[in-house]
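Chemist:
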Amino acid sequence: MTRRLIGALAVITTLLLSGCGNDYGVDQYGQKVASERVDKQWLVVNYWAEWCGPCRIEIPELNALAEQLKGQPVSVFGVNFDNVQGEELKSASEKLGIKFTVLAQNPEAIFDIPRSEALPVTYIIDDKGKVRAQMLGEQTAEGVMAKLKELRG
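Residue 131 in full-length UniProt numbering is what sits at position 131 of the sequence shown, and the numbering runs on without skipping anything.
#1: Report the rounded CA-to-CA distance for K149 versus R132, giving the unit in angstroms.
#2: Since S93 and V102 should fall inside the 8 Å C-beta cutoff, what is the C-beta to C-beta distance between them, to a whole number of angstroms?
#3: How big is the Cα-Cα spacing for K70 and C55?
#4: Taking the alpha-carbon positions, what's the E67 to M145 distance?
#5: How would you label S75, buried or exposed, when you count the other beta carbons within 10 angstroms and need 16 or more for buried?
#6: Just checking, does the stretch 122-129 make contact with the stretch 80-89 on the three C-beta pairs under 8 Å criterion?
#7: Looking only at C-alpha atoms, which of A64, A34, M135 and V38 sits nearest to P73?
#8: Going by DSSP, what residue range makes up the beta strand (DSSP E) through Q44?
#9: With which residues is T122 paired in a DSSP beta bridge?
#10: So which of L43, L89 and D112 has the shortest CA-CA distance to A104?
#11: Alpha carbon to alpha carbon, what distance is there between Q41 and K128?
#12: Can you check the stretch 45-92 for any alpha helix (DSSP H) of at least 4 residues that lies completely inside it and give the ranges in chain order?
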């Protein structure tokens, strides 16, 4: 509960400080994640943690998926389950070899993402900001791509 409150406060603070309600905070390198990268796009949002064995196995698949989706209106984002920030987030992302954008602020409040206590967990969010699928456990690029095709019609 405390972690959820801290995450929500971080999102609210970021939105207030950014002066624009549509920006999504910063990534693992401290770079602003502009609304143009997120709004009106389908999103694959993966929650991971350093201590999660299946997450470590899944990361290369998500890197491949992000590469496959380049140029399409679909983006892959990661979120650290333990809400680590700053240098710790950058270090953890690099240790796991994450090549896609990791959001420093948890977007669960923005997209009404249900909290999962199991990892890894991946959510597919449509271009209107609605959660369309929750995929528990280790995913493959092929499996997520198939789910995206199914949902997008």
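Note that CB positions come from ideal geometry on N, CA and C, so glycine has one too.
Modeler: Looking at the atomic coordinates:
#1: Each residue's alpha carbon lies about 12 Å from the other.
#2: Indeed, because the Cβ distance is near 5 Å, the residues count as touching under 8 Å.
#3: Whole-angstrom Cα-Cα distance: 22 Å.
#4: In this model, E67 and M145 are separated by some 12 Å (Cα to Cα).
#5: It is buried - the Cβ of S75 has at least 16 other Cβ atoms within 10 Å.
#6: No: the two stretches stay apart, fewer than three of their Cβ pairs being nearer than 8 Å.
#7: Selected option, being the one with the closest Cα: V38.
#8: One detail in the question is off: residue 44 reads as Val in this sequence, not Gln. First-last of the beta strand (DSSP E) with V44: W42 to W48.
#9: T122 pairs with N46 and M135.
#10: Distances from the CA of A104 to each of L43, L89 and D112 were compared; the closest alpha carbon is that of L89.
#11: Put simply, the backbone Cα of K128 is about 8 Å away from that of Q41.
#12: Taken in chain order, the complete alpha helix (DSSP H) segments of 4 or more residues contained in the stretch 45-92 are 53-68.
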